[in-house]
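See structure below.
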Amino acid sequence: MQTPAPVDYARATSVDHALQLLDQHGEDARVIAGGHSLIPMMRLRIASPTTLIDLNDLDELKGIRVEGNEIVIGAMARHAEVLDSPILAEHYPVFREAEKLIADPVVRNRGTVGGSMCQADPSEDLSAVGSALRGTVVIRSKSGSRTVPIREFHFGPYMTQVADGEILTEVRFPIRPGAGSAYEKVERRVGDWPVASAGVFVVVKDGVVSDCGIGLTAVGAEHFSAPEAEEFLIGKAPTEDNLAEAAKIAADSCNPISDQRGPADYKKHLAQELTLRALRRASAASQGA
Amino acid sequence: MEVTVNVNGTDYTRDVEPRMLLVHFIREELGMRGTHWGCDTSNCGTCVVWVDEEPVKSCTMLAVMADGHRVKTVEGLEGPDGLDPIQQGFIECHGLQCGFCTPGMMMTGRWLVDKNPDISDEEIREGISGQICRCTGYKNIVEAIRWAAEHPKGSEVNA
Amino acid sequence: MTAVEEAPVSAAGNPIGFGSMKRKEDQRFVRGQGNYVDDVNLPGMLHGAILRSPHAHAKILSIDTSRAEAHPGVVAVITGKILEGIPRPELLGDNFAWMPTLSYDTQAVLATDKVRFQGQEVAFVIATDRYTAKDALELIDVDYEPLPAVMDAKKAMDSGAPVIRDDKGQTDNSITDVMGNKFWESGNAIGTQEAIEKAKADPNCVVVTQDIMYPRVHPAPMETCGSVAYLDPVSGQLTLWTTSQAPHAHRTVYAMVAGLPEHKIRIISPDVGGGFGNKVGVYPGYVLSVVGSIVTGKPVKWMEDRSENLMSTSFARDYHMAGTIAATKDGQILAVDVDVLADHGAFNGVAQPTKFPAGFFHIFTGSYDYPHAHCKVTPVYTNKAPGGVAYACSFRITEAAYFIERLVDCLAAELGMDPAELRLKNLIKPEQFPYETPTGWVYDSGQYEKTMRLAMEMVGYDELRKEQAEKRARGEYMGIGISFFTEGVGAGPRKDMDILGLGMADGIELRVHPTGKAQLRLSVQTQGQGHETTYAQIVAHELGIPPEDIEVIHGDTDNTPFGLGTYGSRSTPVSGAAAAVVSRKVRDKARLIAAAALECSPDDLEWSLGKWSVKGDPDRAKTIQEIALLSHGSLELPEGVEGHLDATAVYNPPNLTYPYGCYICVVDVDPGTGQVKIRRFVAVDDCGTRINPMIVEGQVHGGLADGVGMALMELIAFDEDGNCLGGSFMDYLLPTAMECPDWELGETVTPSPHHPIGAKGVGESATVGSPAAVVNAVIDAISPFGVRHADMPLTPANVWRAIQGNPVRVDMAVE
């Protein structure tokens, strides 16, 4: 069985304490949340942090709540909590649909929203959802908090705006009354990373799409998003032709790579097919179907 | 570093390296070898134990992270009145063959039934979908977990 | 056909004989009290870890272990150079750095000159704990000179291809077996070719050709391979706890490999967390744990991690099969020819009987009656891990069954004929048994049509075809796939079958204690098959001793008689027969003792379950328990009858047994994504007499899941640089409960005429039979797109590409 390299460990008692520990232990210290990305990487010795700063006791980072017209998901909210959240189910079923397909129930008991976002795997499902919903993340450092749009959060695969000495604390999403949302994913097997996924929301008002968001993962979409497709669709009727054209524009903006999950042409096709399927369901939901 | 973990109702204090995985703490430090390991990537689920009230993969948690927490392993299933219904169910329904995945399957199965006594077969299948069995083709594991749901007090059959 | 009588029930509620019975072994497993190799901890035990090659093919220029040796907690670092310095007996020549494979080839224990596959063993660290051993691996400096690698078997024999086995003085990548052959043929080449040519020229006939690949897969038992070795420096006794499906065969191999006297070797194969063929071979890691104990004088444990398991231990399949089938236009099969390119990896390590270097592949003629068949199998070396028989395959019968069942469906498509109808038309008829196939097998018994009709009835075949037509009209794609397979298991007759010269007969020992309780000592070993229960039932059936009174002992060479182990579905056909035979020996002896006690002639006695009684005077009787006590007591025994009631036997099967079955799979395919959902799976097996139907069904369930895995997701592919693309459970996907449907099982019972209790073995039937059913169903679903074949695994990508008419080559990296 593969085992991690030696590491130090400190358990944070508050976010401020965690920030202080990060400062104290230097740039090779890493915070650990659920550990379901980091510990396997440590075991495979792809990651060798010098110190782990454990955030699991930080109640202030847990929970899912509504604040004004935003939904706030604490960075330490577990995937299982997101899956079961009545708040998210009410406003954005896309979360439930995506979470049901993330890893497996036992992993979801441990894995966290913040951990997944910060791991920034190019196939991460929640990144697509977050990007579709045009959410923001809150990042704290000793000098204070800053808010970053999710569409600016990722620099590239496994790279985010969270700098040394910083911790992601929250993810926030605007509530959009009347929005329908949906998630479509193809995976080789239950629990696998997606071959491709599309998450969308659509608000249909007076017979036209007044707002929409399209998020894509695993298909080389910049910032997990498809802004040209959104632009195309906004202001148009949610007809099959318009949805299909939007899906095509979304797929055209993707640049997937071939790997064992599938060849690039297939992934590009899926980007289109899954975007279309998600748009159909989301726009139907928005129209009360 | 020193950690104290309550395993199956007893506090155990050990001095361990921070990098020690919880599964090794349970197996090597405490000598409870019913919890197994089968992969390096959190995919197989043979290492599932409960931490506090929920099943987790003990290969993907450090022992130090369990400091101050409660852990329940397969060795903690049997009570003074005999086998837990989940254990009985696996015997009744031929839910195991080589026995290697069985402890993890039973720990998750027990949790699923506790959460939802009216659990459907489909929900059971989804519930164990992060755990691999190479022997049974799952049908009898599903039936074993359902047996436990349908026999909350177990039965005398294997007492 | 004989129906199995319902067995009487014992005081503990168990059948005294055949019937479903809860497993005895479950009591420890559900309590977490199984005892697997990694559960074995000895005082002073050290831990080993293996440094493995990152390259598929590279020269080793130097290995510097000094930093690792200096690491605190490291006891020793062993390299191939050190092993070269350890002499081995002349019998094997060479040195300790190389060991014989099960196919008379050589395999490096630790690489000295070159590495020949990614993951090959290069150095062995022994340390005080497993974390330290892993740490030290990072401190070994190996200087490699990478060489071009042979990753595509089809290019292995190209002129100018890099030569892998230059250690043997080879100039190409061909494999020569111990008989001197470079390829393996069976059947009638000329007759088959003539029949195919004649059919081509005949307007009333068709000839269909199809390339069919069975890609490289891995058995991946949940417990990886490992061992704990202790060579007592004083007594010279080696005790090896190891994950072995064949402890006795392993003992002999270690005697040969290590030059240790065989009477000083004890192999203990405790509880084994699944085998599926993965634990038949002797791996360098096992040998290194032995070497480690010799070097350190302490017990040494080595447990491989999952990547090591997937990347270095026995793979399965990797057969490129080019098939040709000729038939009349009304569907009478005339001839089948197949040309196979077999990828054996870097060392020829297949575990096959010596006379059957391609295993039993030439059973590819299947369950059909036709006169002409021929196969040619050409093995080649590639820069991949060695192995080649594992994964519940009955010696390459999985490849054979998949091949013929896929080819028959291709023929049905060509003919425009229902694949069920085509099969029914060609199945061997009951009155033709024993049936000799064109490649020389003699099938023992079968009622093929009955079995197939039952499967069709269970699944509702005609209604499904109607539903399919309606759905197709609506643009929905469902598929129905049939597989009818025949296996030859229970290897085997010792005149024909051996592994490394060890004949495949099984010993057994039955001891009936004075109180009538018994111990049965088996040579075979269980990895979950339930031997502790099933074998007790066989003895119960023969002697009337309740199964709870019979302890089955296995997996320890010091405490069991010699035999070849559990693989190829051979336990029930061979050792199961041995159990019946040894019980009958005891019964025969009991008769003599009963006659002495009852003061009558043995001829006056008749047997009814559990007792001998005087014919016509049933009250004058002695139970087997009473006879057991008498045999140990002071009763004057007849001349020539020794005391006690023990017996031994060695069973040499007169023929293989031939279980068979018909599987029907129903799938729904989403052509927009290529996703396949298995809706239903009906499996009707005929494995002869069922000793414990509950266990039989469990065996079938597991094999069906294997088949789903191989058909839809399992794969070890490589890129051109030699990187293994299936080296973890993130990449080597195994089916979960979500991909497996609720299996629907049926049975027919056609006992084997030559097996003492008519049982045929069932451990691998479902793994053999199910892949073709799944693949045939998927291809049937997407046949409206013009698809006649696509290779496994049928991942969403591969299905979608097949629909686009641009299928993926599955065994190489996706481009």
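Residue numbers (our numbering), protein chains in the order written: chain A, 31 to 319; chain B, 12 to 170; chain C, 4 to 818.
By construction, the Cβ of each residue, glycine as well, lies at the ideal position given by its N, Cα and C atoms.
The Cβ atoms of Ser292 (chain C) and Val231 (chain C) sit closer than 8 Å to each other. Pro36 (chain A) sits away from Ala59 (chain A), with the two beta carbons spaced by 8 Å or more. Annotation: the continuous alpha helix (DSSP H) that includes Ser146 (chain A) extends over Val143 to Gln149. The beta carbons of Phe363 (chain C) and Arg399 (chain C) sit closer together than 8 Å. DSSP lists C:Gly390 as the beta-bridge partner residues of Phe318 (chain C). Out of A:Gly318, A:Thr43, A:Val96 and A:Ser44, the CA that lies nearest to the CA of Ile205 (chain A) is found in A:Val96. Leu82 (chain A) has A:Tyr39 and A:Arg60 as its beta-bridge partners, per DSSP. When DSSP reads this structure, Ile103 (chain A) sits in a beta bridge with A:Ile94 and A:Val201. Rounded to whole angstroms, Asn17 (chain C) and Ile268 (chain C) show a C-alpha spacing of 38 Å. With a 10 Å radius around the Cβ and a threshold of 16 neighbouring Cβ atoms, Glu602 (chain C) comes out exposed.
Sorting C:Ala349, C:Ala136 and C:Gly163 by C-alpha distance to the C-alpha of Lys171 (chain C) places C:Ala349 at the top.
The criterion of a C-beta distance shorter than 8 Å is satisfied by Val670 (chain C) and Arg682 (chain C).
Across the structure, Phe125 (chain A) and Ile94 (chain A) are spaced so that their CA atoms are roughly 12 Å apart.
Taking each of C:Arg497, C:Leu503 and C:Gly519 in turn and checking the Cα distance to Asp509 (chain C), the smallest one comes out for C:Arg497. Pro114 (chain B) and Val703 (chain C) have their C-alpha atoms roughly 22 Å apart. Following the DSSP letters along the chain, one finds Gly664 (chain C) inside the beta strand (DSSP E) bounded by residues Tyr663 to Asp673. C:Gly278 is the residue among C:Val341, C:Lys301 and C:Gly278 whose C-alpha sits nearest the C-alpha of Asn312 (chain C). Distance between Glu545 (chain C) and Ile760 (chain C), taken at the CA atoms: about 9 Å.
Under the three-state reduction of DSSP, Trp444 (chain C) is assigned to coil, being neither helix nor strand.
Between Met147 (chain A) and Trp48 (chain B), the CB-CB gap reaches or exceeds 8 Å.
Contact between Ala114 (chain C) and Asp724 (chain C) fails: their C-beta atoms lie close to 18 Å from each other, not under 8 Å. Distance between Phe406 (chain C) and Thr489 (chain C), taken at the CA atoms: about 12 Å. Neighbours of Ser140 (chain B) across chain A, judged by C-beta separation under 8 Å: Asp134, Pro135, Val220 and Gly221.
Within the region 167-191 of chain A, complete beta strand (DSSP E) segments of at least 3 residues are found at 174-179 and 184-186, given in chain order. Excluding five sequence positions before and after His757 (chain C), the CB atoms of its chain that fall closer than 7 Å to its own CB belong to Asp447, Pro657 and Asn658, given in chain order. Of all alpha-carbon atoms in A:Ser161, A:Arg75, A:Ser173 and A:Glu303, the one lying nearest the alpha-carbon of Pro257 (chain A) is that of A:Ser161. Contact annotation, Pro268 (chain A) with Val239 (chain A): C-beta distance approximately 5 Å; criterion of less than 8 Å satisfied.
Listed along chain B, the residues sitting closer than 7 Å to Leu74 (chain A) by beta-carbon distance are Asp51. Shown here for Arg590 (chain C): same chain residues with a beta carbon closer than 7 Å to its own, the five before and five after excluded, namely Glu545, Leu546 and Trp610 in chain order.
Contact of Met31 (chain A) with chain B is assigned, a C-beta pair being separated by under 8 Å. Cys242 (chain A): member of the beta strand (DSSP E) spanning Val238 to Thr247, first to last residue.
Each residue's CA atom was taken as its position, placing Ile627 (chain C) and Ala583 (chain C) some 16 Å apart.
Looking at the DSSP output, Asp144 (chain C) sits in a beta bridge with C:Asp67. Residues of the region 719-744 of chain C with a C-beta atom less than 9 Å from some C-beta of chain A are Ala720, Leu728, Gly729, Ser731, Met733, Asp734, Leu736, Leu737, Pro738, Thr739, Ala740, Met741 and Glu742, listed in chain order.
Chain-order list of chain A residues neighbouring Glu65 (chain B): Asn139, by C-beta distance under 7 Å. The beta-carbon of Arg157 (chain B) is placed no less than 8 Å from the nearest beta-carbon of chain C.
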